[in-house]
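Right, one structure below, let's go through it.
There are 4 protein chains.
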Amino acid sequence: MKYSFKNDYSEGCHPEILEALMHTNLEPQEGYGEDIYTQKAKALIKDKIGNLNCDIYFVSGGTQANLIVISSILRPYESVISADSGHINIHEAGAIEAVGHKINSIKSDDGKLYVEDIRQVLSEHDEAPHVVKPKMVYISNSTELGTIYTRDELQKLSNFCKLNALYLFLDGARLGSALSSKDNDVSLNDLSKFLDIFYIGGTKNGALLGEAIVINSDNLKKDFAYNLKQKGALMSKGRVLGVQFMSLFENSLFFDLANHANLMAQKMAKAIEKSGFSFLSKPQTNQIFPILPNNLVKKLEEDFDFYVWKKIDKEKSAIRLVTSWATREDIVDEFINSLEKY
Amino acid sequence: MKYSFKNDYSEGCHPEILEALMHTNLEPQEGYGEDIYTQKAKALIKDKIGNLNCDIYFVSGGTQANLIVISSILRPYESVISADSGHINIHEAGAIEAVGHKINSIKSDDGKLYVEDIRQVLSEHDEAPHVVKPKMVYISNSTELGTIYTRDELQKLSNFCKLNALYLFLDGARLGSALSSKDNDVSLNDLSKFLDIFYIGGTKNGALLGEAIVINSDNLKKDFAYNLKQKGALMSKGRVLGVQFMSLFENSLFFDLANHANLMAQKMAKAIEKSGFSFLSKPQTNQIFPILPNNLVKKLEEDFDFYVWKKIDKEKSAIRLVTSWATREDIVDEFINSLEKY
Amino acid sequence: MKYSFKNDYSEGCHPEILEALMHTNLEPQEGYGEDIYTQKAKALIKDKIGNLNCDIYFVSGGTQANLIVISSILRPYESVISADSGHINIHEAGAIEAVGHKINSIKSDDGKLYVEDIRQVLSEHDEAPHVVKPKMVYISNSTELGTIYTRDELQKLSNFCKLNALYLFLDGARLGSALSSKDNDVSLNDLSKFLDIFYIGGTKNGALLGEAIVINSDNLKKDFAYNLKQKGALMSKGRVLGVQFMSLFENSLFFDLANHANLMAQKMAKAIEKSGFSFLSKPQTNQIFPILPNNLVKKLEEDFDFYVWKKIDKEKSAIRLVTSWATREDIVDEFINSLEKY
Amino acid sequence: MKYSFKNDYSEGCHPEILEALMHTNLEPQEGYGEDIYTQKAKALIKDKIGNLNCDIYFVSGGTQANLIVISSILRPYESVISADSGHINIHEAGAIEAVGHKINSIKSDDGKLYVEDIRQVLSEHDEAPHVVKPKMVYISNSTELGTIYTRDELQKLSNFCKLNALYLFLDGARLGSALSSKDNDVSLNDLSKFLDIFYIGGTKNGALLGEAIVINSDNLKKDFAYNLKQKGALMSKGRVLGVQFMSLFENSLFFDLANHANLMAQKMAKAIEKSGFSFLSKPQTNQIFPILPNNLVKKLEEDFDFYVWKKIDKEKSAIRLVTSWATREDIVDEFINSLEKY
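Protein chains in written order, with this note's numbering: chain A, 226 to 567; chain B, 226 to 567; chain C, 226 to 567; chain D, 226 to 567.
Structural data, given as structure tokens:
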């Protein structure tokens, strides 16, 4: 079988997490997230992000988190601003529109949004009440292109949003990878200050399933659990999520797993660079997008699974390589070997 | 008071229509469009378009028509393709998203959609089930930029849509003006053949209010009236719409009014062209978009109301001039005079 | 042709209203309710209800008013409490659910809601977040059964709603008839004090179309116009609504028309009572529901159109008789004659 | 700690299931349900129900299954008929209305629907297009009151639905318990014949999470996966669901677990009956509702956790006792002991 660099969810969960599920399995607990593991996981996360005042909810996946957060916050005529490559804009089968909201998409080459982009969207929506009212900015860290925000960029976005009465929401499906990047200067605590609401991805960082929604802004907290229930996200056995996040955050597992994924991707990135190839976007996390000759791509495909992301020109294509907590270094070395033999 | 070229709905309705409302006013009739005037109006329109087999419903406005048509046809995960300048995409405060559907917008310089554009959208949405499924093409005739489709263009769109199982829907808020353009080679009967569904605008062509939705495709007809009721569009006194469309179509009033509007705009367009100015889009109907020096724009604004549509460069801007059935030729002459004196 | 007591929208509009439309028809005005007639109509209504601080919007019909008001106020998981006979609950083809909200219906014999009913609904919804959160009370005056609220009843509902953080919304499609009832002790000004939001019906009280939404509570005012636009209710020629409400409220036309309708119904009610028949609900407005022997019903149906509302037992049925501003007294007398001859 | 008879999801999953998760954990697999375990689980279920032609999808919970199934099938103006005690009607925080559909609720004492109830709803909705159009019947087996349908009852419902163009949908969150009841005469294969669509509950029958949606009717199959994705139900690690259902159905685990739950409940039911107490509904599955003196209830509450379901009169209340695959017989015996000592 070919080894896969297609995504970061090919395996189950990290063995420590599975062990925790086993260890707690037969203990009777309250349903719907009222169990002690969920409570403990929340306390651990609050402590790690240094904001005891936030509210935390666990849900099973990223699209679910996105549609719940957005529909819970926006009024019917309000819209959300996103990079055109944003997950909500292209890879959620219209989940956000299905809960009633327009996405104002902005062309972005690196997957990130900047203050000037947002200002432009606002200026194009000044004809109330004929147009939607942009009210939220949606960003991802790391982005769909594997890039990350700097602390300074986040602060500028945050300031602009506050000044313009916009909510700032960060999709952290791959937050572990972002915060563990060698280029990162953002802390979990920064997120508490810069963002109104965000989530911490478990599914793509070693859990079986699960994202932790963190609500910082007081005015977004009221009645939040109703939204979970209504959208089918309130698991009877909420413990399944609680136990996993307890495992991820009681020691440093969350960061260790992300770190491994990043190291594996960066090892490949360095070899690719050394071989003289460039990238579609800066290789900063566990998703890298090298631009390779089509011949090489074909050759690599013989031994490895990955997505061809974009045709660059007649001779070259960008491919996407994704690593995870479970990526084996010997496979990475094999890949590098194949590349260098070319 | 300054004379307005801001839109085609500044006045009430054409006197003949008001007279018909008066004439029929005290006659007791069934409610909800079951009155004899509505029946007669439907028969007249069916006759004019040469398709006795279509279904017709009257609603009060264009946004209402758009949201009813689209929500009645698409399944939750299906989307509609539109030019970026399309009314549904920017000027309906998110009406289409509010009924649950994503709009796939396509950059368009002339407000029109072409087969190649649509093919491109389809090719970008082949990752089922992660992306929306484009299922309808929304076009306007005339467009938001005053341009019109040729018969050949419509036929090509229609063929492509049929081959690709896409519904083709035409927003005809300004259909009268399109069909009365000197450049037009499309007939009402063509629309019956090329389109699955369309509407004929009354509000912007001399009625107080009212659009006539025409359903050609048999599989879109079932239960349609439920959608009207549910979206608040089924008027108790449906006669108000029926009487007006009866007036518009029992003789040639519908076309006469559109023709007058076009003539007034074209008279201005010719003078503008003669004065050496160009246009943002081809001046074909009752909306024209001349590109004028900012000084001239300022001077014209002293005597006339209109929208400055788009900054072209430091010296020039495109303005929008709209005429209607009620536009007086002496005012048009005054405008031309002001222009030529510059 | 048989004369119809089926509804209060069989004719067009009152001649004075049509005359006002004619008189103002050719005056160029701003679109979308920015015209001077709309402004004047708003000022007149504010004056009549004695609350200069309210916000007013005109829309074309009752279902539209209901769905806009409710969707603009409730968050996704919030519900609205209604009598089971409420228009939103049975006669709007699911309009409220289509904008996302559950209706908690309460069995009601007289079409009215009482504090105890609402308290019961609240007590049945204490299992947050598994159940919806009732957040609004919807009442109609007059009700679907022609009954009206007393000032005391409204005050009690209002107090209870305030204490329990519920919004109180009154559907006034037939408000004119309610306030003109011989039994009425409620003033327009009372409505400003007791209700968060309500609307004044024009369509069923002599206008061609139109309802005036009145927003009393400050926290419901923000951005309201967006909702109109998004739901397809912002008419390009908003003047059509403005002129009509200007006519209705510049003198006493609104009340005169309602009064006539009530007088005609009450004349029939008295005769029915005198003939020894009873009623399904107290005959207070322009809708009355006499319980008649089936033979008599059959006989009346030969000369008059009306709905058989409900089978009472093997021998008797309740019928619905509706009068309007246009009901002729000679027809009423004919009806009474037929009845008494039985 | 008190032992809980509050629900059937207090523990994690059955150890065999956890073992299967462990055993397969590190095997790299395709995401989004394209893994081999999911494929195998589907094949096993198809085989067990004897319908190789059905389509199967796994989702994480019951509310999610309900909202996806219903929104995927109904057009905007169509409604779903449910018992008033139905999960969708009261315990999903308005999930069905949030996807746009009205629930026509029917008063039911035993939690079941009968043909006569449905016929009545249809007859009350004959005023198209003013009312919703009932188009689906939603039933649960076992019901919220622990009762089950007989084969004959299901067949009658099925026949009626087919005759009246209604879809028949069965919520099987507790299907295992229903099919394992001593009173049951329904087979999984019957469900394939009688129902258009149903689901098999895993969460309440020994899985960590997961429900298997089974689509029998061909016209409901098209594009179904889009709905999963759009509603946030398409898990990246779909294997988590696949592995669990593989475990449940590769041998008889699914039925063994349900059987144990039923036996424990029935043991209590017999003792309760023997002690001279009656039940709110027939005790047929793992949920029983004995009516007990308030004193006894209070005494039992000292040692056991359970819900007081309904006040019967001044002296008596119905309580709900729920057992599961994990309920220990010694605890059941203790409960019986406490009861008999009374």
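No residue lacks a Cβ here, since even glycine has one placed at the ideal position from N, Cα and C.
| Check | Outcome |
| --- | --- |
| Contacts around Leu379/C, its chain only, beta-carbon distance under 7 angstroms, and the 5 residues preceding and following it disregarded | Val411, Asp415 and Phe419 |
| Neighbour flag for Lys454/C against chain A, beta carbons, 8 angstroms | yes |
| Residue-level contact to chain D via CB, Asp233/B, 8 angstroms cutoff | no |
| Touch test, the stretch 418-434 of chain A against the stretch 227-240 of chain A, Cβ-Cβ under 8 angstroms, three pairs minimum | yes |
| Closest Cα partner of Leu517/C within the set Ser563/C, Phe474/C and Glu475/C | Ser563/C |
| Proximal residues, the stretch 524-551 of chain D versus chain C, C-beta separation under 7 angstroms | none |
| Residue(s) in a DSSP beta bridge with Pro508/B | The partner list for Pro508/B (beta bridge, DSSP) is empty, contrary to what the question assumes. |
| Nearest to Val465/B (by Cα), restricted to the options Lys523/C, Gly435/C and Phe529/C | Gly435/C |
| Rounded distance between the beta-carbons of Met471/C and Tyr282/C, thought under 8 angstroms | With 8 angstroms as the limit, Tyr282/C and Met471/C do not qualify as a contact, their Cβ atoms being about 15 angstroms apart. |
| Residues of its chain near Phe529/B, where Cβ-Cβ distance is below 7 angstroms and the 5 sequence neighbours each way are ignored | Lys227, Tyr228, Phe230 and Phe560 |
| Ala494/A and Asn511/A closer than 8 angstroms at C-beta | no |
| Cβ-based burial, Asp408/A [other Cβ within 10 Å; buried from 16] | exposed |
| Three-state class that DSSP yields for Met361/D in the structure shown | strand |
| Arg344/B classed as buried or exposed, judged by whether at least 16 other C-beta atoms fall within 10 angstroms | exposed |
| Nearest-angstrom Cβ-Cβ length linking Pro508/A and Gly371/A, presumed shorter than 8 angstroms | 7 angstroms |
| Ordered list of alpha helix (DSSP H) runs contained in the stretch 452-498 of chain A, each at least 4 residues | 464-475 |
| Residues from the stretch 243-254 of chain D in contact with chain A, defined by Cβ distance under 8 angstroms | Leu243, Leu246, Met247, Thr249, Asn250, Leu251, Glu252, Pro253 and Gln254 |
| Residues that Asp448/A contacts on chain C, provided the C-beta gap is smaller than 9 angstroms | Arg300, Tyr302, Glu303, Ala353, Pro354 and Lys358 |
| Residues, ordered as in the chain, of the stretch 318-351 of chain B that lie near chain A by beta-carbon distance below 7 angstroms | Ala318, Gly319, Glu322, Ala323, Gly325, His326 and Lys327 |
| Cutoff 8 angstroms: Ser442/A Cβ touching any chain C Cβ | no |
| Residues near Val582/B in its chain [Cβ-Cβ closer than 7 angstroms; skip 5 each side] | Because chain B spans 226 through 567 in this model, residue 582/B falls outside it and cannot be assessed. |
| Beta-carbon proximity of Glu498/D to Asn519/D, cut-off 8 angstroms | no |
| Tyr392/B classed as buried or exposed, judged by whether at least 16 other C-beta atoms fall within 10 angstroms | buried |
| Val411/B in three-state terms, based on DSSP | coil |
| Integer Cβ distance of Gly467/C from Gly258/C, believed to fall under 8 angstroms | 7 angstroms |
| Cβ shell of Lys381/A (< 7 angstroms), same chain only, five flanking positions each side left out | Val340 |
| Positions along the stretch 454-484 of chain C whose CB lies within less than 9 angstroms of some CB in chain B | Lys454, Gln455, Lys456, Gly457, Ala458, Leu459, Met460, Ser461, Lys462, Arg464, Val465 and Val468 |
| C-beta contact flag for Leu338/A and Asn389/A at 8 angstroms | no |
| 6 angstroms CB neighbourhood of Ser296/B in its chain, flanking five on each side removed | Val324 |
| Local Cβ density within 10 Å of Ser506/C, reported as buried at 16 or more and exposed below that | buried |
| When Ala320/A, Ile321/A, Ile315/A and Glu322/A are compared against Lys332/A, the one with the closest alpha-carbon | Ile315/A |
| Where His316/D meets chain C, residues with beta-carbon distance less than 9 angstroms | Glu352, His355 and Val356 |
| The stretch 469-488 of chain C / the stretch 265-275 of chain C touching (three or more Cβ pairs under 8 angstroms) | yes |
| Span separating the alpha-carbon of Asp443/A from that of Leu299/A | 15 angstroms |
| Residue range of the unbroken beta strand (DSSP E) whose run includes Leu517/D | Pro515 to Pro518 |
| Ser297/D, DSSP secondary structure in three states | helix |
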